[in-house]
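Trainee:
If you want it as structure tokens, here you go:
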């Protein structure tokens, strides 16, 4: 039984419940109405019987006779006179099959005295209302029985019963229509919820339940379900992004390993070839041996630089700690410009000063950022192309820009230029010893310092590589400082900053070696600092930047 009830739809249950309540209510109303009407009519008949009996007794019109000549009675009434022992003395009119069944026992007559009661006729076809009173006739006690036919009462009650039944059926039908409509309208949102949930289960996570009045139960349910659907969609989208990121990361890792293997294979092949040539006696002249040894040393240096760059990127990927100290960006830019002028004396390299911003970070790593950007501009532009290094404070950031007037980048190159091992011009890059990791290191170092790196083409030709770094709290400019004019330090101008003289003394070859040595030293210092921090009892050897829990990852084109 329970299973059958469970299989019935909610609409059918609600309609059946409403109709059951209406039917029970109409039945109760009809029964009570008929009973009340019947009681009212019987009371009227009882009152008439008492009034008629009193009239007969007061006027002394009751006589013991067997004929109808002694009394005149209204036609609706019948009467009997019975002796004290219950014998019938007289009756009016003549008894027949429609005559009421009058009690004949004296005790019963005495018990029913003064209280009207109902009996059937002799034939059982009609009902009578009887009243028994005691009268004195010729100084003897008699029972006066007066009866009134209840046909009119029964007919009235029957008509009322039929009318109540008809009205009940009409009301029940109307209630059924109203209940079906109301239940359908009330449960229609549940159907919409069901269809929405089905669509979401099928994969359409954008579907939502139509909004309803939040003051209603369905409205509140729709709101809660939409909140749940939003969370489900967010979770699924996050999972999709995570899976896509994992696939992309795996693909980048494969490409990275393949590129690294390819980059390492070339110098290793050269070193092995020269070594085998020497071992087999193919080189006998002393000058040739010295040349081959120099080539082997160059290839080993190239391979060492590649390995160092890879180690640096690995450290940055692991978010190794940074020694946060105030760094004068203008000082770094001036040093970089001086070193670049010494390395490329045929180039016009200018420093455009728009302020002296101070940032928090590792000076050696930030110097490497500027060196890589300037070296990238020198390698990937034709000889004689001017280069500008710009430094200024903008809002709460220090903005470093390296602009050139070279061929610029097409959209595809600009999108991929910060990828590891990507070269826009492979031949030129390899000819100048580029590993294809310089700009990737720039982006990673900028992110490690809470900044970001990017590239944009100039309005005419050339490209502008930029790096934004958050200013140190004490180095944030005022409104007056932002509006001050920029100062251009020309190629032949004196740069009187901390490391200008030292950089000027460097030769073309030694300048590049010094930059690489500084990078290696900074990496070793970084590792030593990490080990010391771990020994000092830190949980993971990290030192957080002064402005918060850690630098945010920037948006870097990939």
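In the working numbering, the protein residues as written are 13 to 570. For every residue, glycine included, the Cβ atom is placed at its ideal position computed from N, Cα and C.
#1: Which of the three DSSP states, helix, strand or coil, is assigned to residue 153?
#2: Where residue 220 and residue 230 are concerned, what is the direct C-alpha to C-alpha distance, given to the nearest angstrom?
#3: Taking the straight line between their C-alpha atoms, what separation do you get for residue 142 and residue 184?
#4: Can you round the beta-carbon distance between residue 118 and residue 97 to whole angstroms, since I take them to be within the 8 Å contact cut?
#5: In the DSSP assignment, the alpha helix (DSSP H) including residue 191 goes from what residue to what residue?
#6: Alpha carbon to alpha carbon, how far is residue 351 from residue 511? Give it in angstroms, no decimals.
#7: Would you mind working out which of 160, 358, 51 and 156 sits nearest residue 92, comparing C-alpha positions?
#8: Alpha carbons only, please: which of 245, 151 and 131 is nearest the one belonging to residue 144?
#9: For the stretch 98-116 and the stretch 163-174, state whether three or more C-beta atom pairs, one from each stretch, are separated by less than 8 Å.
#10: Cα separation between residue 223 and residue 235?
#11: Would you report the Cα separation of residue 105 and residue 161, rounded to the nearest angstrom?
#12: Mind checking residue 127: buried by the 16 CB within 10 Å criterion, or exposed?
#13: Could you say which of 170, 179, 28 and 377 lies nearest to residue 321 if we only look at CA atoms?
#14: Measure the CB-CB distance between residue 348 and residue 318 and report whether it falls below 8 Å.
#15: Who are the Cβ neighbours of residue 394 in its own chain at under 7 Å, not counting the five residues just before and after it?
#16: Looking at the unbroken alpha helix (DSSP H) that takes in residue 428, where does it start and where does it end?
#17: Do you know offhand how far residue 60's Cα is from residue 159's?
#18: So residue 453 is in the beta strand (DSSP E); what residue range does that whole segment cover?
#19: Figure out for me which residue from 50, 453 and 341 has the closest Cα to the Cα of residue 170.
#20: Locate the beta strand (DSSP E) running through residue 102, then write down its first and last residues.
#21: Under the rule that 16 or more other beta-carbon atoms within 10 Å means buried, what is residue 385, buried or exposed?
#22: Tell me, to the nearest whole angstrom, how far the beta carbon of residue 112 is from that of residue 135; I am working on the premise that it is less than 8 Å.
#23: In whole angstroms, what is the alpha-carbon distance linking residue 307 and residue 255?
#24: In the DSSP assignment, what are the bridge partners of residue 148?
#25: When the Cα of residue 110 is compared with those of 102, 137 and 101, which residue comes out closest?
#26: Using only CA atoms, which one of 481, 187, 415 and 483 lies nearest to residue 35?
Mentor: Looking at the atomic coordinates:
#1: strand
#2: 14 Å
#3: 40 Å
#4: 6 Å
#5: 163-213
#6: Unreliable positioning characterises residue 511 in this predicted model, as indicated by a pLDDT of 36, which lies under 50. The coordinate reading is nonetheless provided below. Straight-line Cα distance between these residues: approximately 9 Å.
#7: 156
#8: 131
#9: no
#10: 7 Å
#11: 13 Å
#12: exposed
#13: 377
#14: no
#15: 418
#16: 423-428
#17: 10 Å
#18: Taken as a continuous stretch (DSSP letters only), residue 453 belongs to no beta strand (DSSP E), being part of the alpha helix (DSSP H) at 450-460.
#19: 50
#20: 100-104
#21: buried
#22: Not really, about 11 Å apart at Cβ, beyond 8 Å.
#23: 46 Å
#24: 153
#25: 137
#26: 187
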